[in-house]
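With my numbering as the guide, the letters of the sequence shown map in order to residues 1 to 307.
In what follows, a single structure is set out as structure tokens and then discussed.
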Amino acid sequence: MQQSGSLFARINNQYNSMSKGQKRLANFIINHYDQAVFMTAAKLGKQVDVSESTTVRFAVLLGYDGFPQFHNALQEHVMTKLNSVQRMEVSFGRIEQDRILDTVLQSDIDKIKMTLEQTDRNAFAQAVNLILEAEHIYIVGIRSCAPLAGFLSYYLNQIVPDVHLVGASSYSELFEEIVRINEKDVIIGISFPRYSMRTLKAMEFARNQKAKVITITDSVHSPMNQYSSCNLIARSDMASIVDSLVAPLSLINALLVALCMKSQKEVLHTLETMERIWDEYQVYNSDESEYEESDQAKTIRKSEKLR
Numbered sequence: 001m002q003q004s005g006s007l008f009a010r011i012n013n014q015y016n017s018m019s020k021g022q023k024r025l026a027n028f029i030i031n032h033y034d035q036a037v038f039m040t041a042a043k044l045g046k047q048v049d050v051s052e053s054t055t056v057r058f059a060v061l062l063g064y065d066g067f068p069q070f071h072n073a074l075q076e077h078v079m080t081k082l083n084s085v086q087r088m089e090v091s092f093g094r095i096e097q098d099r100i101l102d103t104v105l106q107s108d109i110d111k112i113k114m115t116l117e118q119t120d121r122n123a124f125a126q127a128v129n130l131i132l133e134a135e136h137i138y139i140v141g142i143r144s145c146a147p148l149a150g151f152l153s154y155y156l157n158q159i160v161p162d163v164h165l166v167g168a169s170s171y172s173e174l175f176e177e178i179v180r181i182n183e184k185d186v187i188i189g190i191s192f193p194r195y196s197m198r199t200l201k202a203m204e205f206a207r208n209q210k211a212k213v214i215t216i217t218d219s220v221h222s223p224m225n226q227y228s229s230c231n232l233i234a235r236s237d238m239a240s241i242v243d244s245l246v247a248p249l250s251l252i253n254a255l256l257v258a259l260c261m262k263s264q265k266e267v268l269h270t271l272e273t274m275e276r277i278w279d280e281y282q283v284y285n286s287d288e289s290e291y292e293e294s295d296q297a298k299t300i301r302k303s304e305k306l307r
């Protein structure tokens with residue numbers, strides 16, 4: 001039985017007709033294609049607790065002559081990664097409408113658990129030290145990673161001085177913003193499939209300028225890591241319509257907490273200063289509410305006098 005279409009499209013088309021074991025294979029390949037690509041039929045079967053013969057039958061069910069042909073297709077898929085159309089192909093048909101909330105939240109929980117298991121503690125500690133020792137810190141996150149970069153930049157500014165969020169919308173602007181980076185500085189690049197070429201170029205330039213490079217990405221096989229001396233791995237679910245960046249955000253949160261713990265005096269001083277400024281300039285809502293209530297009280301008193 002021959003089928004046309006991409007690997008993930010074939011999985012989606014046959015998913016409902018698969019046995020429980022084959023569905024476990026399908027789910028593992030979809031969620032962990034970067035790991036599955038290095039596995040034999042026997043190892044892949046063992047990973048999801050099915051026999052090697054079940055893995056071979058799975059490949060045949062998808063329309064391949066055998067496991068080697070299936071494996072070649074998986075390798076090609078990993079090389080090209082997923083585009084938006086493929087994500088739609090994978091997502092639609094696999095999730096029942098009334099199970100969307102449970103499925104998505106459980107997937108996010110799984111990604112955080114995998115990140116916890118796979119994060120290199122030495123790399124995490126190294127990242128903390130590199131950031132604290134740097135003269136200037138540059139943060140690059142493009143497109144869907146921009147909110148992660150913004151979150152990291154916002155809180156990092158309260159912990160260490162000289163934090164620069166690189167917000168360039170073009171190659172020329174990007175290099176203009178990091179042109180002065182040098183060996184005393186750190187650049188943090190955040191990128192997940194499909195990897196941003198602008199972020200990759202920024203990492204390459206920073207490395208060539210002898211700066212310390214920290215990456216936050218999804219896999220040890222990420223192209224980001226070829227420019228980095230410190231790799232932080234956070235799992236993301238790219239086989240869906242919307243990128244899941246819950247685990248990367250959790251990793252960034254842990255990084256910020258670790259930095260605070262190692263710089264408690266400096267952070268406390270900054271927060272005390274900010275509190276005084278917020279109070280003096282009435283930054284928060286409570287002050288505005290008090291003024292509104294005061295004005296309202298004056299209006300009531302005036303109206304009472306007129307009566």
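Cβ atoms here follow ideal geometry from the backbone N, Cα and C, with glycine treated the same way.
Quantities reported herein were computed from a predicted structural model and do not represent experimental measurements.
Q. Would DSSP call Arg246 helix, strand or coil?
A. Locating residue 246 in the sequence shown gives position 246, counting from the first residue. Position check: residue 246 holds Val in this sequence, whereas Arg was assumed. Correct three-state label for Val246: helix.
**Q.** Rounded C-alpha distance that separates Lys212 from Ile181
**A.** Here residue 212 refers to the residue found at position 212 when the sequence shown is read from its first residue. Here residue 181 refers to the residue found at position 181 when the sequence shown is read from its first residue. Cα to Cα, the separation comes out at about 10 angstroms.
Q. In terms of residues, what are the limits of the alpha helix (DSSP H) holding Ile30?
A. For the purposes of this step, residue 30 is taken as the residue at position 30 of the sequence shown. Note, Ile30: alpha helix (DSSP H), Lys20 to Asn31.
Q: Output the distance between the C-alpha atoms of Phe151 and Asp279, rounded to the nearest integer angstrom.
A: Translated into positions along the sequence shown, residue 151 becomes position 151. Translated into positions along the sequence shown, residue 279 becomes position 279. Rounded to the nearest angstrom, the two C-alpha atoms are 24 angstroms apart.
(Q) Going by DSSP in three states, Val50 sits in which element: helix, strand or coil? (A) Reading the sequence shown from its first residue, position 50 is the one you call residue 50. If DSSP states are grouped into helix, strand and coil, Val50 belongs with coil.
**Q.** C-alpha gap between Gly308 and Lys23, whole angstroms
**A.** The requested residue 308 is not part of the displayed model; the chain covers only 1 to 307.
Q. What three-state label does DSSP hand Lys212 in the structure shown?
A. On the sequence shown, residue 212 is found 212 positions in, with the first residue counted as 1. Strand, per DSSP.
Q) What first and last residue would you give for the alpha helix (DSSP H) that runs through Ile131? A) Translated into positions along the sequence shown, residue 131 becomes position 131. Looking at the DSSP string, the run of the alpha helix (DSSP H) that includes Ile131 is Arg121 to Glu133.
**Q.** Selection from Leu200, Ile29, Leu255 and Cys230 that minimises the alpha carbon distance to His77
**A.** Residue 77 sits at position 77 when you count from the first residue of the sequence shown. Considering only alpha carbons, the answer is Ile29.
Q) Is it buried or exposed for Lys111, if we count other Cβ within 10 angstroms and need 16 for buried? A) As a position in the sequence shown, residue 111 is number 111, starting the count at 1. Buried: at least 16 other Cβ atoms inside 10 Å.
Q.
Among Leu232, Leu148 and Arg207, whose alpha-carbon lies nearest the alpha-carbon of Lys184?
A. Position 184 of the sequence shown, counting from 1, holds the residue named residue 184. Answer by Cα proximity: Arg207.
Q: Select from Val283, Ile252, Gln282 and Thr270 the residue whose C-alpha is nearest the C-alpha of Ile131.
A: Here residue 131 corresponds to residue number 131 of the sequence shown, with the count starting at 1. Among Val283, Ile252, Gln282 and Thr270, the Cα nearest to that of Ile131 belongs to Ile252.
Q.
Could you check whether Arg198 and Ile142 sit closer than 7 angstroms to each other, using their CB atoms as the reference points?
A. Stepping through the sequence shown from its first residue, residue 142 is reached at position 142. Stepping through the sequence shown from its first residue, residue 198 is reached at position 198. The answer is yes: Cβ separation under 7 angstroms.
Q | Span of the alpha helix (DSSP H) around His221 | A | Along the sequence shown, one-based indexing puts residue 221 at 221. Here His221 belongs to no alpha helix (DSSP H), and DSSP marks it neither H nor E.
Q.
My output table needs one value for His136: the three-state DSSP class, helix, strand or coil.
A. By one-based count along the sequence shown, residue 136 stands at place 136. His136 falls in the coil class under three-state DSSP.
Q) Which partner residues does Ile190 have in the DSSP bridge list? A) Translated into positions along the sequence shown, residue 190 becomes position 190. The partner list for Ile190 (beta bridge, DSSP) reads Gly141 and Ile216.
Q. By how many angstroms is the C-alpha of Cys260 removed from the C-alpha of Leu174?
A. Counted from its first residue, the sequence shown places residue 174 at position 174. Counted from its first residue, the sequence shown places residue 260 at position 260. Their backbone Cα atoms lie some 29 angstroms apart in a straight line.
Q | Anticipated Cβ contact below 8 angstroms, Ser263 with Ala247, distance rounded | A | Within the sequence shown, residue 263 is the residue found at index 263, counting from 1. Within the sequence shown, residue 247 is the residue found at index 247, counting from 1. 25 angstroms between Cβ atoms; not a contact.
Q.
So, under 8 angstroms CB-CB, Leu256 and Tyr155 are touching, yes? Tell me the CB distance rounded to an integer number of Å.
A. The residue labelled residue 256 in the question sits at position 256 within the sequence shown. The residue labelled residue 155 in the question sits at position 155 within the sequence shown. Between Tyr155 and Leu256 the Cβ distance is about 5 angstroms, and since that is below 8 angstroms, they are a contact.
Q | DSSP-derived helix/strand/coil call for Gln2 | A | Looking up residue 2 in the sequence shown gives position 2. Residue confidence for Gln2 is low, a pLDDT of 45 falling below 50, so the modelled location carries little weight and cannot support an answer.
Q) Tell me which same chain residues have a C-beta within less than 6 angstroms of the C-beta of Ser51, skipping the five on either side of it? A) Counting from 1 along the sequence shown, the entry for residue 51 is found at position 51. These residues qualify, in order along the chain: Gly45.
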